[in-house]
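Colleague: Quick one: the structure is below, and I'll ask about it shortly.
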Amino acid sequence: MLVSNAIRASLKRQAIKSPITIHYSFYEPNRRRDLDNISAVAHKFIQDALVKCRVIENDGWQYIKGFSDEFHVDKHNPRIEVTLIEAGDKDGRVDKAT
């Protein structure tokens, strides 16, 4: 529910018709968790929420061309920042949901 609420607040019902690449920036409170444990679950929840909120039609290969991850430590403000980039657009950042 929190993921869907963040998407709705940030994108305000914006729908994306073209394929996208998703960039995830993870800010963890410390370095205790393995990177794959951080990203694997987040990818699934966030991509499913993008479909549920009707930002993208589907989270299959036709709509999501790829994704990238970066990891940081921010003990005072752990979060995930998600940037949607329309495929084929060099700097086609659609919006960011935190």
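Each residue of the sequence shown is one higher than the one before, counting from 1117 in my numbering. Positions of the beta carbon are idealized from the N, C-alpha and C atoms, including for glycine.
Three-state secondary structure (DSSP) at Arg1195?
Modeller: strand
Colleague: Give the list of continuous beta strand (DSSP E) stretches no shorter than 3 residues that lie fully inside the region 1151–1193.
Modeller: 1180–1189
Colleague: Select from Gly1204, Arg1147, Asp1190 and Glu1186 the residue whose C-alpha is nearest the C-alpha of Ser1141.
Modeller: Glu1186
Colleague: So, is Lys1133 buried or exposed, given that buried needs 16 or more other C-beta atoms within 10 angstroms?
Modeller: exposed
Colleague: Report buried or exposed for Gln1178, applying the criterion of at least 16 other Cβ atoms within 10 angstroms of its Cβ.
Modeller: Exposed is the call here.
Colleague: In three-state DSSP terms, what is Ile1132?
Modeller: In the three-state scheme derived from DSSP, where H, G and I count as helix and E and B as strand, Ile1132 is classed as coil.
Colleague: Please check the pair Leu1171 and Ala1122, which I expect to be a contact at CB under 8 Å, by giving their CB distance rounded to whole angstroms.
Modeller: A small correction: the amino acid at residue 1171 is Val; Leu does not occupy that position in the sequence shown. About 12 Å separates the two Cβ atoms, so there is no contact after all.
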